[in-house]
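Residue numbers (our numbering), protein chains in the order written: chain A, 1 to 114; chain B, 115 to 230. Ideal placement from N, C-alpha and C gives every residue a C-beta, glycine not left out. Following: one structure in structure tokens, then a few remarks.
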Amino acid sequence: KQEVTQIPAALSVPEGENLVLNCSFTDSAIYNLQWFRQDPGKGLTSLLLIQSSQREQTSGRLNASLDKSSGRSTLYIAASQPGDSATYLCAPTKVETSGSRLTFGEGTQLTVNP
Amino acid sequence: GAVVSQHPSRVICKSGTSVKIECRSLDFQATTMFWYRQFPKQSLMLMATSNEGSKATYEQGVEKDKFLINHASLTLSTLTVTSAHPEDSSFYICSALTSGGAYTQYFGPGTRLTVL
């Protein structure tokens, strides 16, 4: 059974800092990995999707890397802003004969202070 | 593209009543949809996988008679919480899987259920 761990659980930083959020997963035979953002009381916003054959993906100030063999992914946020405050979720996808399955980590709750 | 909607966004009901939540893929066909539940301060937990035209597959510990799932068309899946109780109060989120082997799930905005 896939288990996903995200470190740190919570992070509070001043505006402008560069951040690193970590995700590790126990089963490295994944199809892809997604990073999501969730604002309080809201649904999920997909930030980045990395295929298993890829090393990293970039979107604006966000960069996600994937080291599939070691079961790790990192989300890097450059020049953080108060609007980045949210919970960030990591979710690898595993494809099995019964279908595909996303497993979510507990998330990193980020607060960026002005 | 790949937009998923949920209705209602928020529902408050009395204990013992049944509540139906709809999940629609608006601009694509989804043979597979997923239902997740999220309790406060916790992550999303998969409840069941819904395949169009067949019975849903429930995760261990999820009562299939309590959480009825119907996936009657390629764009609509419904979750009915039967005889709801306060402990069923939660945030319910659906997702729809695109076809073509991409295995990318697109998520709905969620439904907040409060059972009094």
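Please classify residue i: does DSSP put it in a helix, a strand, or coil?
i         : result
Glu173(B) : coil
Lys94(A)  : strand
Pro14(A)  : strand
Asp202(B) : helix
Asp67(A)  : strand
Gly99(A)  : strand
Only counting the same chain, and skipping five residues up and downstream in sequence, which positions put a Cβ closer than 6 Å to that of residue i?
i         : result
Thr163(B) : Phe148, Thr171
Arg124(B) : Arg226
Ala9(A)   : none
Gly130(B) : Ser197
Asp202(B) : Val195, Val229
What residue range does the beta strand (DSSP E) around residue i cover?
i         : result
Asn165(B) : 159-165
Lys85(B)  : Residue coverage of chain B in this structure runs from 115 to 230, which leaves residue 85(B) outside it and unanswerable.
Thr228(B) : 225-229
Tyr76(A)  : 72-77
Lys155(B) : Per DSSP, Lys155(B) belongs to no beta strand (DSSP E) and is neither H nor E.
Tyr220(B) : 219-221
Ile135(B) : 133-139
Phe25(A)  : 19-25
Val125(B) : 124-127
Assuming residue i contacts residue j (C-beta within less than 8 Å), just tell me the rounded distance between them.
i         : j        : result
Pro82(A)  : Glu17(A) : With 8 Å as the limit, Pro82(A) and Glu17(A) do not qualify as a contact, their Cβ atoms being about 12 Å apart.
Arg55(A)  : Ala79(A) : 23 Å between Cβ atoms; not a contact.
Tyr220(B) : Val95(A) : Rounded, the Cβ-Cβ distance is 17 Å, inconsistent with contact.
Pro92(A)  : Leu33(A) : 5 Å
Spatial neighbours of residue i within its chain, please: CB distance less than 8 Å, with the 5 preceding and 5 following residues excluded, ordered by chain position.
i         : result
Leu158(B) : Tyr150, Arg151, Gln152, Ile207
Ser244(B) : Lying outside 115 to 230, the shown extent of chain B, residue 244(B) is not represented and no answer is given.
His121(B) : Ile135, Glu136, Arg138, Thr225
Cys127(B) : Val133, Ala198, Leu227, Thr228, Val229, Leu230
Thr196(B) : Ser132, Asp179, Lys180, Phe181, Leu182
Leaving aside the five residues before and after residue i along the sequence, list all residues of the same chain whose C-beta is less than 7 Å from its C-beta, in chain order.
i         : result
Asn63(A)  : Glu56, Tyr76
Val112(A) : Val13, Glu15, Ser80, Gln81, Pro82, Asp84, Ser85
Ala29(A)  : Lys94
Val20(A)  : Thr74, Tyr76
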